[in-house]
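Each remark here refers to the structure printed beneath this line.
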Amino acid sequence: MLIAKTIAEVRAAVAKLRGDKKCIGLVPTMGALHEGHLSLVRAAKAHCSAVVVTIFVNPTQFGPKEDFAKYPRTLDADCALLEKEAVDVVFGPDAAEIYPPGASAVVEVAGISDRLDGVSRPGHFVGVATVVAKLFNIVQPDHAFFGQKDAAQVAVLRRMVRDLHFNLELIVCPIVREPDGVAMSSRNRYLSADERQQALVLHRALRRVEAEIAAGVVESQPLIDAGFAVLADEPEIRVDYFSIVDPNTLEDVPDVTAGALVAVAAAVGLTRLIDNVLIPPR
Ligand code: PAF
């Protein structure tokens, strides 16, 4: 497994793989890898003959009061996990490699970037779209793999790929959960034991909505009310949103009959967690 620090190194490695007629899968990550990330790597291994994983804690997607400084950085442990998965190349650049001095170009996927997480994290999706566009340009993969847990990110990136004609297929992999239902996240490691218990309520609220839909409720408002009723079991968490939206546009939908994304974000202690469930068309 090659560990590349510079764009020149990763480009040379990818050129060699292309020369060997490999199909390239890209898994962009910010490191602190867990089973959710490894599921993306395994999907990439299954679809592609060569896999590149990027590990880069992207400063531009963190707001000034967010956790950029304390975001876990575990490069050696991450590389050991990726080596076991037989990844071909890890790209772990410094910030200056991705954002050279004076870098000012950004990618803004207008409108959709201001919905869901984009409301309370202004600029977040511009940071995400910009860094992912850079990674796509650097690696030029055939397929790129993202997790459904970041449903709003997926919608923004799908739109970016379509609108900017990136010549790749975006593949979205299911949410990986802990045995008790909590969605895996690098930020779960911030949670105290009490907070970890409180975090369970996000998944419980989503399951309640699924149960209501299974029982025949299709209008969004009663479903949202049912979700909030469950979230109220944990009065210490601070709900950012509990929304029912179109998974492609992230706009609110009045009912779930055409399919919908039920998405929640909440602060548990100082940790912001997200989770969601996709409702198929009825
Ligand atoms: O999902 C993430 O880990 C990040 O947002 C990504 C896609 C690697 C961009 O920094």
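Sequential numbering of the sequence shown, starting at 5, is according to our numbering.
C-beta: ideal position from N, C-alpha, C; glycine also.
Own chain partners of S247 with C-beta closer than 6 Å, once the 5 adjacent residues on each side are dropped:
A267
Does the region 55-70 come close enough to the region 203-216 that 3 or more CB-CB pairs lie under 8 Å?
no
Bridge partners for A148 per DSSP, in chain order?
L30, L174
Among V135, S117, S224, the one whose alpha carbon lies nearest that of G98:
Here the sequence assigns Asp to residue 98, which means Gly is not the residue at that position. D98 has its Cα closest to that of V135, out of V135, S117, S224.
Which residues in the same chain as I7 place their Cβ atom closer than 7 Å to its Cβ, once the five residues preceding and following it in sequence are excluded?
C83, V94, G96
In this structure, what does DSSP give as the bridge partners for N280?
A267
Decide if the region 21-36 is in contact with the region 120-131; the criterion is three or more beta carbon pairs, one per stretch, under 8 Å apart.
no
Within its chain, find whatever has a CB closer than 6 Å to the CB of A137; leave out the 5 residues flanking it on each side and keep chain order.
V111
Considering F246, what are the terminal residues of the beta strand (DSSP E) in which it resides?
242-249
Return yes when the Cβ of L161 is within less than 8 Å of the Cβ of F150, no when it is not.
yes
Reduced DSSP category for T64 - H, G, I as helix; E, B as strand; rest coil
helix
Can you list, in chain order, the residues of its chain whose CB lies under 6 Å from that of D256, leaving out five sequence neighbours each side?
V249
What whole-angstrom Cβ distance do I175 and A47 have, given they're in contact under 8 Å?
6 Å
In terms of residues, what are the limits of the beta strand (DSSP E) holding T58?
54-59
Rounded Cβ spacing between A159 and P258 (contact assumed at less than 8 Å)
Going by Cβ atoms, the distance from A159 to P258 rounds to 19 Å, so no, they are not a contact pair.
Run the proximity test for D121: is its beta-carbon closer than 7 Å to any non-hydrogen atom belonging to the ligand PAF?
no
Does the beta-carbon distance from L265 to L282 come in below 8 Å?
yes
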